[in-house]
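Numbering (the UniProt record's numbering), first residue to last: 5 to 314.
Okay, structure first, notes after.
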Ligand code: CP
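Encoded structure:
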């Protein structure tokens with residue numbers, strides 16, 4: 005592939021190859037000297053049109069550990085504020101010959117559009133409600149390491165499914181790897197036609213969590229609710245917030261995940277989120293660096309092959 009725009013375009017064997025390479029980078033990242041040379045000589049530009057802590061920091065660290073020249077565009081201070089369009093911004097940066105563009109944008113499809121206009125590799129760091137492929141890949145690596153496999157698991161994705169690119173990418177990835185998927189949340193936060201994706205839908209946590217191996221919580225994304233129904237946080241926590249009591253329905257060794265940033269006391273109990281016997285939330289962050297290193301390494305290999313052949 006020239007770009008990483010979504011999970012939709014990836015085959016199961018490609019996902020496995022990327023996760024195998026990411027496993028090697030997990031080992032490297034735990035050494036005192038974390039450097040490798042896969043991206044030496046290449047320029048990586050991070051363009052985040054929407055806020056981020058984990059994704060932006062880990063893409064920057066990933067690029068630096070692999071030897072790339074990394075630049076973070078401060079989009080709030082850029083000429084976007086003067087009205088320059090996404091495409092003009094991309095073409096301007098493209099003229100500076102970057103090799104890797106990492107892009108987050110609030111509009112679904114914006115990153116795909118941008119990828120058509122530039123001649124470097126583009127990585128989608130989250131576009132609207134569409135996809136967040138590196139999040140799904142880091143979640144997959146976390147699950148594979150915790151459970152020893154990434155197939156025939158029962159996985160519950162809970163909460164605000166309708167606004168979540170994380171849910172969408174995870175549904176695609178976990179489905180391709182032949183897992184059983186259960187979506188749990190209020191009907192108002194469930195996308196129309198979701199059952200066509202071969203998932204089971206529940207609006208009761210205890211029922212939906214029954215005997216699952218993995219519990220994936222999602223953030224209630226109030227900023228994407230554009231004036232529509234916004235549940236009261238207290239009521240939401242009571243019905244859909246994950247706590248010890250609801251978790252008892254899952255398998256005794258079920259792991260608890262959350263992509264972050266989390267609303268403690270809204271979708272998850274803070275003590276449970278911090279319980280390292282159940283929660284793998286900090287592992288997800290660690291896997292994020294390794295997965296982004298692997299994704300950029302593979303795209304750079306392809307870039308070098310294409311340029312060599314030209
Ligand atoms: N999970 C995730 O994408 O977090 P950030 O928005 O902080 O990057």
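Beta carbons: idealized from backbone N, C-alpha and C, even for Gly.
DSSP state of residue i mapped onto helix, strand, coil
| i | result |
| --- | --- |
| residue 89 | coil |
| residue 287 | helix |
| residue 47 | strand |
| residue 150 | helix |
| residue 253 | coil |
| residue 53 | coil |
| residue 33 | helix |
| residue 76 | strand |
| residue 280 | coil |
| residue 1 | The chain is shown from 5 up to 314; residue 1 falls before or after that span and cannot be answered. |
| residue 11 | coil |
| residue 82 | coil |
| residue 22 | helix |
| residue 41 | coil |
| residue 314 | coil |
| residue 16 | helix |
| residue 228 | helix |
Residue i Cβ short of 8 Å to the ligand CP heavy atom set
| i | result |
| --- | --- |
| residue 283 | no |
| residue 170 | yes |
| residue 136 | yes |
| residue 28 | no |
| residue 58 | yes |
| residue 50 | no |
| residue 225 | no |
Beta-bridge pairing of residue i - partner residues as DSSP gives them
| i | result |
| --- | --- |
| residue 272 | 246, 268 |
| residue 259 | 218 |
Beta-carbon spacing of residue i, residue j below 9 Å
| i | j | result |
| --- | --- | --- |
| residue 84 | residue 136 | no |
| residue 258 | residue 282 | yes |
| residue 276 | residue 247 | yes |
| residue 5 | residue 54 | no |
| residue 304 | residue 66 | no |
| residue 166 | residue 186 | no |
| residue 142 | residue 288 | yes |
| residue 217 | residue 189 | no |
| residue 129 | residue 56 | yes |
| residue 297 | residue 127 | no |
| residue 237 | residue 260 | no |
Entirely enclosed beta strand (DSSP E) segments - the stretch 90-138, minimum 3 residues: Counting only runs of 3 or more, we get 104-109, 125-131.
Contained alpha helix (DSSP H) runs [length at least 4] in the stretch 144-216, N- to C-terminal order: 169-180, 209-212
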